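If you're matching positions, the sequence shown starts at 1246 in our numbering and goes up one per residue. C-beta atoms are modelled at their ideal positions from N, C-alpha and C, and glycine is treated no differently. Remember, it's a predicted structure, so these values are computed and weren't measured experimentally.
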Amino acid sequence: MNLPKDRAEEILELCLSNESPKLRTKVYEILNTSGIKPNDPMFLVLALTGQMRVFLEAAPEQLDNLLSAWKLQSETSINDLSIAIAQVKEIQLVHLENIKQTINYINYENVENIRNSNKMLLDEILVANRGAEKQIKKTILELTKINSEIKADREVNINIMKSLIEGIGKTNEDLINLNYQIQQSINTWNKIKFKIVNNLLFPSLFIFLILLIIIVVINFALSRR
1246 MNLPKDRAEE
1256 ILELCLSNES
1266 PKLRTKVYEI
1276 LNTSGIKPND
1286 PMFLVLALTG
1296 QMRVFLEAAP
1306 EQLDNLLSAW
1316 KLQSETSIND
1326 LSIAIAQVKE
1336 IQLVHLENIK
1346 QTINYINYEN
1356 VENIRNSNKM
1366 LLDEILVANR
1376 GAEKQIKKTI
1386 LELTKINSEI
1396 KADREVNINI
1406 MKSLIEGIGK
1416 TNEDLINLNY
1426 QIQQSINTWN
1436 KIKFKIVNNL
1446 LFPSLFIFLI
1456 LLIIIVVINF
1466 ALSRR
């Protein structure tokens, strides 16, 4: 990692502060001619360790060769690194595109599945609602019919009871015989009531009992005549 250029120049000045003006001039000439920057790691190492002065005094040509080779190697490494970075970026872009396409495909499939599921569910709900609506209407019609029949039967029973009350004799013998016939009818009803269908409505059972009693009373009244 390179130091900031200003900081590297400060360090270089510090390293060269005790050197002769000639050496200092030579160092800056090398910087200008070689194209190496003051914050170059190799250049700073040579300056800090004193090897720069050794090379300049003993083998200046080797120093030039060393710095040139280092610069070439650095440029090659930087170029290779740039190529590698570009390749990595390209691979990453390909991966990102593949991931994007996969996500889009999954999202599309999920949307289609959800839409189809919702459509099927809606169809089932509509069918169920239509069936329930028909059943409710049918039940309402049946209840209305039963209610009408109960009202009609109730009115008929009231009229019959009124007629019977007006025509029934009031002698003790008639009352005893009537009571006997009613008791017989009740006994007969007790024998057959367990055979009646369980889903018959209670008003219908009551009407049946009233009609049975009415028939007995009518028979009794006719027999008296």
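Asked, Found
"Distance between beta carbons of Val1461 and Gln1426, contact taken as under 8 Å", "5 Å"
"Within 9 Å, strictly: CB atoms of Val1272 and Leu1257", "yes"
"Test item: CB-CB of Leu1312 and Ile1275 under 9 Å", "yes"
"Under 9 Å between C-beta atoms of Arg1269 and Leu1259", "no"
"Three-state secondary structure (DSSP) of Asn1349", "helix"
"Separation of Ile1336 from Lys1345, as counted between CA atoms", "14 Å"
"Buried/exposed call for Asp1285, threshold 16 Cβ in 10 Å", "buried"
"Outcome for Ile1328 when other beta-carbon atoms lying within 10 angstroms are tallied against a minimum of 16", "exposed"
"Residue burial classification, Ile1458 (beta-carbon count within 10 angstroms, cutoff 16)", "buried"
"Three-state secondary structure assigned by DSSP to Glu1264", "coil"
"Inter-residue Cα distance where the pair is Gln1332 and Leu1317", "22 Å"
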